[in-house]
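Structure record follows, encoded as structure tokens.
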Amino acid sequence: MSETLFTGISQLVTPRPGPQRGAAMRELNMTEDAALLVKDGMIAWVGPAAQAPTAPETVDLGGRAVVPGLVDPHTHAVWAGDRLADWEAKLSGATYEEILARGGGIRSTMRATAAAGVEELVALARPRLAALRASGATTTEVKSGYGLDFDAELRMLRAVRELQAEFELRPTLLIHVPPTEGRAEYVQGVCADLIPQVAREGLAEAVDVFTEKEAFSVEETRQIFAAARAHGLKVKLHADQFHAIGGTELACEVGALSVDHLEASTEAQIRALAASDTVATILPGVTLHLGLPAAPGRKLIDAGAIVAVGTDLNPGSSPVFSTQMALALAVRLCKLTPAEALTACTVNAAHALGLSDRGSLSAGQRADFLVLHSPDWRDLPYTLGASPVQDVFLAGVQL
Numbered sequence: 003m004s005e006t007l008f009t010g011i012s013q014l015v016t017p018r019p020g021p022q023r024g025a026a027m028r029e030l031n032m033t034e035d036a037a038l039l040v041k042d043g044m045i046a047w048v049g050p051a052a053q054a055p056t057a058p059e060t061v062d063l064g065g066r067a068v069v070p071g072l073v074d075p076h077t078h079a080v081w082a083g084d085r086l087a088d089w090e091a092k093l094s095g096a097t098y099e100e101i102l103a104r105g106g107g108i109r110s111t112m113r114a115t116a117a118a119g120v121e122e123l124v125a126l127a128r129p130r131l132a133a134l135r136a137s138g139a140t141t142t143e144v145k146s147g148y149g150l151d152f153d154a155e156l157r158m159l160r161a162v163r164e165l166q167a168e169f170e171l172r173p174t175l176l177i178h179v180p181p182t183e184g185r186a187e188y189v190q191g192v193c194a195d196l197i198p199q200v201a202r203e204g205l206a207e208a209v210d211v212f213t214e215k216e217a218f219s220v221e222e223t224r225q226i227f228a229a230a231r232a233h234g235l236k237v238k239l240h241a242d243q244f245h246a247i248g249g250t251e252l253a254c255e256v257g258a259l260s261v262d263h264l265e266a267s268t269e270a271q272i273r274a275l276a277a278s279d280t281v282a283t284i285l286p287g288v289t290l291h292l293g294l295p296a297a298p299g300r301k302l303i304d305a306g307a308i309v310a311v312g313t314d315l316n317p318g319s320s321p322v323f324s325t326q327m328a329l330a331l332a333v334r335l336c337k338l339t340p341a342e343a344l345t346a347c348t349v350n351a352a353h354a355l356g357l358s359d360r361g362s363l364s365a366g367q368r369a370d371f372l373v374l375h376s377p378d379w380r381d382l383p384y385t386l387g388a389s390p391v392q393d394v395f396l397a398g399v400q401l
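This is the structure we're talking about:
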């Protein structure tokens, strides 16, 4: 049995365990001159250093602030190719439709990803995940979705499975873009073939669907969700990125883990989320990179919703390789307070993945925590362009 007491903590700052909604997202517990006792990867005690129990091993953290490890609930970290030409064309005034006509856009990523083997996908994703972890992400969700054909989707998920030996990852099967022809047959194949195979191989924990005018309809999403649930998989969805077509309402109706994006959400969607336990996951990197209106984070919290924040790391709309940066952008672009942003990136993000054992530095939780360079925890949401994170601990072990 391992047992370590961490001392020299200027501030230990944490939300309470479990998802927090509305005003409770601002209610952090802060202990100054704190200590943290870790036994076998779990938090056994936390409190003032003067009251700390003894332990066989003591580690002095040097008077720095400690916060929970961040949870990134929405990434597309596995892809091949790049979208640099698309980005440059967009900056020169090309529309997305024009970029697609030139062979660019998301379908270029899908072609490159479908042509890559598992080994290549693993090699490409490894440094991206390492960057997220160095920024403070101790748990990271990774989606498929760039394969289109089923074999490519399975290769993406098998790459995630290989990377789970190195990172704490939560895999999601994403049904992302419909084919240009044979749409009904594709949805039927997803339900009858792809989802059952993913479930048999244990390749994903959840199924996500992009519910948009340009992607899948609400009815198609409902069919896919029914198949996912029939095979023991959780459900979540992309919705309201460009148009509010009913995806958010469906998510709340069926008790989805989360509904992500929400840049186009209106008062109706905000009310639905506030009345549900479905997490509203906002992705400020998309706003920064694409210039879209920001998701209504402030309104969602004020209405009483459970709000989480993710990077949406992907090559086309959010090349954000730092979960800490997503937290900081949520303050600037979505009007969260620093305390709300910390809650959104810890216990609420964990809840968006169906996890209740992490995100809070409380007895009985996993000992995933960050040691900052600073003695003041507020440097975590304040800092831009450099990492405020000095050390990352996963289950009590420094990475």
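Each residue of the sequence shown is one higher than the last, beginning at 3 in the numbering used here. Glycine is no exception: its CB is placed at the ideal position from the N, C-alpha and C atoms.
Cβ-Cβ separation, residue j to residue i (assumed contact under 8 Å), whole Å
{"i": "residue 40", "j": "residue 398", "result": "4 Å"}
{"i": "residue 344", "j": "residue 297", "result": "With a Cβ gap of about 18 Å, residue 344 and residue 297 do not count as contacting."}
{"i": "residue 33", "j": "residue 49", "result": "6 Å"}
{"i": "residue 284", "j": "residue 347", "result": "The pair is not a contact, with the Cβ atoms about 11 Å apart (cut-off 8 Å)."}
{"i": "residue 247", "j": "residue 209", "result": "Actually they are not in contact, since the Cβ atoms of residue 247 and residue 209 sit about 19 Å apart, beyond 8 Å."}
{"i": "residue 371", "j": "residue 70", "result": "6 Å"}
{"i": "residue 339", "j": "residue 72", "result": "That pair is no contact at about 17 Å."}
Cβ shell of residue i (< 7 Å), same chain only, five flanking positions each side left out
{"i": "residue 57", "result": "5, 6, 7 and 39"}
{"i": "residue 42", "result": "3 and 4"}
{"i": "residue 181", "result": "150 and 188"}
{"i": "residue 287", "result": "313, 314, 320, 322, 328 and 331"}
{"i": "residue 130", "result": "79, 315 and 323"}
{"i": "residue 220", "result": "213, 247, 248, 249 and 252"}
{"i": "residue 299", "result": "284, 309, 332, 336, 337 and 338"}
Close Cβ partners of residue i (< 6 Å) along its chain, the five nearest in sequence each way excluded
{"i": "residue 128", "result": "none"}
{"i": "residue 59", "result": "6"}
{"i": "residue 175", "result": "146, 200, 206 and 209"}
{"i": "residue 229", "result": "193 and 197"}
Outcome for residue i when other beta-carbon atoms lying within 10 angstroms are tallied against a minimum of 16
{"i": "residue 359", "result": "exposed"}
{"i": "residue 202", "result": "exposed"}
{"i": "residue 85", "result": "buried"}
{"i": "residue 367", "result": "buried"}
{"i": "residue 386", "result": "exposed"}
{"i": "residue 74", "result": "buried"}
{"i": "residue 342", "result": "buried"}
{"i": "residue 262", "result": "buried"}
Beta-carbon contacts of residue i that lie in its chain and below 8 Å, excluding the five residues immediately before and after
{"i": "residue 22", "result": "29, 308, 345, 349 and 350"}
{"i": "residue 381", "result": "67, 374, 375 and 390"}
Bridge partner(s) assigned by DSSP for residue i
{"i": "residue 361", "result": "Answer by DSSP bridge pairing: none, since residue 361 is not bridged."}
{"i": "residue 415", "result": "Residue 415 is absent from the structure shown; the chain starts at 3 and stops at 401."}
{"i": "residue 49", "result": "37"}
{"i": "residue 260", "result": "281"}
{"i": "residue 31", "result": "16"}
{"i": "residue 145", "result": "174"}
{"i": "residue 239", "result": "211 and 261"}
Does the segment 104 to 118 come close enough to the segment 138 to 152 to have 3 or more Cβ pairs within less than 8 Å?
-> yes
Would you call the segment 210 to 219 and the segment 246 to 262 in contact, with 3 or more CB pairs under 8 Å?
-> yes
Touching or not, the segment 8 to 24 and the segment 370 to 378, by the rule of three or more beta carbon pairs under 8 Å?
-> yes
Given 8 Å, three or more beta-carbon pairs between the segment 156 to 169 and the segment 93 to 101 = Under the three-pair Cβ rule at 8 Å, the segment 156 to 169 does not count as touching the segment 93 to 101.
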